[in-house]
Amino acid sequence: MSQLGRVKQWNTFARCWHLFDAAWQNPLECAPSIEKYLKGLNKPIYHPLVDCGDHVVVINSKQIAFPGEEWRRRVYFHHTGYSGGATWTPAWELHDRDPTMIFRKAVYHHMKGNLFRRVVMERLHIYSDSNVPEEVIENITNQIPPLRSIPKTLGSYSKEEIEKYPKIIDYPEDFILSKN
Amino acid sequence: MFKIPLSGILLGASKVPTKLFVPSIGLHVSAPMKLKEIHANKVGGKLIIEGAFVPSPRKDHLIPNNSECCSLCNLGLNVKHTDVLILSQFVRPDGCMMPQRITGLCKTQQKRMSKLVSMAHKAGLMCSLAPANSKKDTTKRKLWKKYNTYFDESTIKVYESHFKKIKENVILDYVKSRNQEIN
Ligand SMILES: [Zn+2]
Chain A
1 MSQLGRVKQW
11 NTFARCWHLF
21 DAAWQNPLEC
31 APSIEKYLKG
41 LNKPIYHPLV
51 DCGDHVVVIN
61 SKQIAFPGEE
71 WRRRVYFHHT
81 GYSGGATWTP
91 AWELHDRDPT
101 MIFRKAVYHH
111 MKGNLFRRVV
121 MERLHIYSDS
131 NVPEEVIENI
141 TNQIPPLRSI
151 PKTLGSYSKE
161 EIEKYPKIID
171 YPEDFILSKN
Chain B
1 MFKIPLSGIL
11 LGASKVPTKL
21 FVPSIGLHVS
31 APMKLKEIHA
41 NKVGGKLIIE
51 GAFVPSPRKD
61 HLIPNNSECC
71 SLCNLGLNVK
81 HTDVLILSQF
91 VRPDGCMMPQ
101 RITGLCKTQQ
111 KRMSKLVSMA
121 HKAGLMCSLA
131 PANSKKDTTK
141 RKLWKKYNTY
151 FDESTIKVYE
161 SHFKKIKENV
171 ILDYVKSRNQ
181 EIN
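From first to last, the protein sequence lines stand for chains A and B.
Heads up, the first sequence is in my numbering, so the first residue is 1 and it goes up one at a time.
Heads up, the second sequence is in my numbering, so the first residue is 1 and it goes up one at a time.
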């Protein structure tokens, strides 16, 4: 067996650990790609009854992003079981209480409901910031590519960079420049 | 001022002495067409405020626009709300959008740019261009505003009058070309 083939076989039969940075990512968009690694859909030996999924470590889940008014408009329903026990919580309120809950719910609800769902979810490790325990970090061998690029703020550019950027409009001739 | 009854005024003017029609030179104290900057200096106990003429700081890096349309339509850029280096050219130091007479854009582009600027502010991308008392750190904002938000540019409405004009121009051009062919 060639050297590459041997490593391929190791990767197929071993339980790998993948890292995913959730900063500025929409959890609803990246749920499918995370599900792929959790269930092992990318492996040639995949079968629904074969337990061949990998672990996924998600960091910075507090910095997830939603489009437009989604933080206000998206509500999470819960019923206690008693009469009048229904509650509707906006996404931002739920995120205040538990910064990992929205991401976990997004992945959980994307997967098909069967007896394996809760077993697969046990392999998803979500951390609200980048403080990950040592025993988790030492396992990680791969990083899942982010779906959205992190936007750069104007403050991150240097003053010279802003000045030298090509200008589209010029000030009119009788314009009064303000200082600062 | 002299719009229609010009000939009548001229007829009347021939009767009055010519001295009355000397244009008022002393009205403009300073040259009106120059970029100005206001300086406030304290010399001793006196506060001197003066408007000094300055060259435009954007002169060297300006893209020349030789076409009939506005500078943004000329470039044909697909500007996103994350392009803060472009959007910051259309705002004042406190982050508010400059009016159409200063930017010189057409109506459609001006509306689109002002929407994009407000998107960039809401997403917290242009916090360095904001009033001093505003919350520049986005994580300290209230309620849902403290969380990361991105926007979809396709939600910006484009007004139909803009397309109407373009369509009319296309039809007119077509009619012109047909007439030339027939001739
Ligand atoms: Zn235009």
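Where a beta carbon is used, it is the ideal one built from N, C-alpha and C, also for glycine.
Predicted model, so just to flag it, every value in this text is computed and none were measured.
Check, Outcome
"Residue environment, A:Q63, which counts as buried when at least 16 other CB atoms sit within 10 Å", "buried"
"Contact set for A:I144: own chain, Cβ-Cβ below 6 Å, skip 5 residues either direction", "H18 and F20"
"Contact set between B:D152 and chain A, taken where Cβ atoms lie within less than 8 Å", "P67 and G68"
"C-beta neighbour in chain B for A:I169, strict 9 Å", "yes"
"Backbone secondary structure at B:T149 - three-state DSSP", "strand"
"Residue from B:V175, B:I166 and B:S128 with nearest C-alpha to B:C96", "B:S128"
"C-alpha gap between B:K164 and B:L172, whole angstroms", "12 Å"
"Short Cβ contact (9 Å threshold) for B:I86 with A:Y171", "no"
"Contact belief for A:S61 with A:F116 at Cβ below 8 Å, rounded distance in angstroms", "With 8 Å as the limit, A:S61 and A:F116 do not qualify as a contact, their Cβ atoms being about 23 Å apart."
"Integer Cβ distance of B:T149 from B:K122, believed to fall under 8 Å", "6 Å"
"DSSP state of A:F116 mapped onto helix, strand, coil", "coil"
"Touching by the beta-carbon criterion (3+ pairs, under 8 Å), the segment 24-44 of chain A and the segment 145-156 of chain A", "yes"
"As assigned by DSSP and simplified to three states, the class of B:T108", "helix"
"Heavy atoms of ligand 1 versus C-beta positions, residues under 7 Å", "B:C69, B:C70, B:L72, B:C73, B:L105, B:C106, B:T108 and B:Q109"
"Alpha carbon of A:I169 to alpha carbon of A:K8, nearest angstrom", "56 Å"
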